[in-house]
Amino acid sequence: MNQTDPLVAIVTRTKNRTLLLDRCVKTVLAQTIPNWIHVIVNDGGDPKDIETLVEPYRDEYAGRLKVIHNEQSLGMEAASNVGIRASQSRYLVVLDDDDSWDPTFLDVMVEVLENETWPNTRGVFCHTEIIFEEIRGKEIRELGRKDFNGWLNAIDMLRLLASNRFTPVCFLFERSVVDEIGMFDESLPVIGDWEFNIRFLERFDITVHPEYLAFWHQRPKVKNGLGNSVIADGDLHDIYRSRMVNKWVRQSLQNGTLDYGQLFALSTILEQNDIMESRFHRYRKRIEKTLIYRIYSALMTLVRGKSYHVDDK
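The numbering of the sequence shown is my numbering, which starts it at 128 and goes up by one.
This is the structure in structure tokens:
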């Protein structure tokens, strides 16, 4: 990193979602530290729409914006890699076009990582809220919120292998790590962030900042291009997760580090976990249908909710 390079490179992947991207642009420009560059990777979408959107913000960006247009869609992980290669910085963070931050996100996260005393720590993630929303015309309306990972005070490999505990929106890390563990896996159409996080934690530690500074936006009722990939491509997530686990198990069996007896014991634990998750899912559905829960959700939305509207430019 040169002294003239930005402190943080923010990589945003987008495709034909200018309504959501406009909110993303605003969340970046609202950051309380100025030393960053925003790299927007248009992954096969209409270039004119992107250029029209960002043009009114050029002065405010003051040279801190770089827009890259992929002629064809390369996929989420490849788009991330395009943005990483096209920038220079000490730190990296991937902010998807539909997610948002608290204005102090970059300021706080950089400070936490720079003040970390454990020598092997190369990344930090903060607590995250899931924001449920819907789109009506040019308006994004918040429906409610849910805690995603606020119970985590630390992250270890076992917890991460069980489930992806932090998404790109809340994770800031040292750029130099990608030189040691590699870029995002472009062969994965989904769950590439989870696979990257596992490789990261295999080599380096990640600290947790217990403050809600990142917001993971989801639109449960939307299945088209405006949907959140975890929901819209839920089946695909399950398929590729299984393929990754199968690959790891085969490698362990071939290397002699795992046998079928150990696998059977693990599968028994997993079976019991699946039973408990199934019961919890059924109970949750029943609770959500109750009048008290509906009143609580409506009150929370009234107190904390907001609408985001994009005016015609």
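Virtual Cβ for every residue (Gly too), placed ideally from N, Cα, C. Only a predicted model underlies this, so the values are computations on that prediction, with no experimental measurement involved.
Pull up the distance between the alpha-carbon of residue 234 and that of residue 399, whole angstroms please.
Rounded to whole angstroms, the gap between the alpha carbons of residue 234 and residue 399 is 43 angstroms.
With burial defined as no fewer than 16 other Cβ atoms inside 10 Å of the residue's Cβ, what is the status of residue 395: buried or exposed?
Residue 395 comes out exposed.
Among the candidates 317, 414, 340, 190, whose CA atom is the shortest distance from the CA of residue 371?
That would be 317, whose Cα lies nearest to the Cα of residue 371.
Which parts of the segment 298-381 are runs of the alpha helix (DSSP H), unbroken and 4 residues or longer, counting only runs that do not cross its ends?
With a minimum length of 4 residues, the continuous alpha helix (DSSP H) runs that stay inside the segment 298-381 are 303-308, 319-330, 356-359.
In its own chain, which residues sit with a C-beta less than 6 angstroms from the C-beta of residue 210, not counting the 5 before and 5 after it?
The answer, listed in chain order, is 138, 166, 168.
When you compare the segment 226-240 with the segment 305-321, are there three or more beta-carbon pairs, one atom per stretch, that lie closer than 8 angstroms?
The answer is no - the segment 305-321 does not touch the segment 226-240, with fewer than three Cβ pairs under 8 angstroms.
Residue 164 - partner residues in DSSP beta bridges:
136, per the DSSP bridge assignment.
According to DSSP, residues forming a beta bridge with residue 219
Partner(s): 136, 300.
Please classify residue 410 as buried or exposed, where buried requires at least 16 other C-beta atoms within 10 Å of its C-beta.
By the 10 Å Cβ count, residue 410 comes out exposed.
In whole angstroms, what separates the C-alpha of residue 281 from that of residue 297?
Approximately 14 angstroms between the Cα atoms of the pair.
Do you know how far the Cα of residue 330 is from the Cα of residue 223?
The straight-line gap from Cα to Cα measures roughly 25 angstroms.
Give the C-beta separation of residue 262 and residue 368 to the nearest angstrom, bearing in mind that I take them to be a contact with Cβ-Cβ under 8 angstroms.
For a cut-off of 8 angstroms, the C-beta gap from residue 262 to residue 368 is around 28 angstroms, too long to register as a contact.
Between which two residues does the beta strand (DSSP E) carrying residue 257 extend?
Run containing residue 257: 248-263, per the beta strand (DSSP E) assignment.
For residue 201, name the three-state secondary structure that DSSP assigns.
Residue 201: coil per DSSP, three-state reduction.
Pull up the distance between the alpha-carbon of residue 308 and that of residue 327, whole angstroms please.
Residue 308 and residue 327 have their C-alpha atoms spaced approximately 7 angstroms apart.
In chain order, what residues of the same chain lie with their CB nearer than 8 angstroms to the CB of residue 243, ignoring the 5 residues before and after it?
The residues are 251, 334.
Nearest-angstrom beta carbon gap, residue 217 and residue 301 [assumed within contact, 8 angstroms]:
Indeed they touch by this definition, with Cβ atoms about 7 angstroms apart.
Find the nearest neighbour of residue 337 within the set 278, 156, 170, judged by alpha-carbon distance.
Selected option, being the one with the closest Cα: 278.
According to the neighbour-count rule (16 or more other Cβ atoms, all chains shown, within 10 Å of its Cβ), is residue 314 buried or exposed?
Residue environment: residue 314 is assigned as exposed (fewer than 16 neighbouring CB atoms within 10 Å of its CB, all protein chains considered).
Counting C-beta neighbours from all protein chains within 10 Å, is the total for residue 203 16 or more, i.e. buried, or is it exposed?
Residue 203 counts as buried, since no fewer than 16 other beta carbons sit within 10 angstroms of its beta carbon.
As assigned by DSSP and simplified to three states, the class of residue 145
Residue 145 sits in a helix when the DSSP states are folded into three classes.
Terminal residues of the beta strand (DSSP E) in which residue 441 lies:
Here the chain covers residues 128 to 440 and nothing more, so residue 441 does not appear.
Whole-angstrom distance between residue 152 and residue 287, CA atom to CA atom:
The straight-line gap from Cα to Cα measures roughly 30 angstroms.
Can you say whether residue 373 is buried or exposed, counting buried as having 16 or more other CB atoms within 10 angstroms of its CB?
Its Cβ having fewer than 16 others within 10 Å, residue 373 is exposed.
Suppose you measure from the CA of residue 264 to the CA of residue 225; what does that come to, to the nearest Å?
A direct Cα-Cα distance of roughly 16 angstroms separates residue 264 from residue 225.
Applying the criterion that 16 or more other CB atoms from any shown protein chain within 10 Å of the CB defines a buried residue, is residue 157 buried or exposed?
By the Cβ-count criterion, residue 157 is exposed, with fewer than 16 other Cβ atoms from all chains shown falling within 10 Å of its own Cβ.
Three-state secondary structure (DSSP) at residue 129?
If DSSP states are grouped into helix, strand and coil, residue 129 belongs with coil.
Ordered along the chain, which non-local residues of its own chain (more than five positions away) have a Cβ less than 7 angstroms from that of residue 172?
Taken in chain order, the residues that qualify are 141, 142, 143.
Excluding the 5 residues preceding and the 5 following residue 448 in the sequence, name in chain order all residues of the same chain whose CB lies nearer than 8 angstroms to its CB.
With the chain running from 128 to 440 in the structure shown, residue 448 is simply not present.
Nearest-angstrom Cβ-Cβ length linking residue 176 and residue 201, presumed shorter than 8 angstroms
18 angstroms between Cβ atoms; not a contact.
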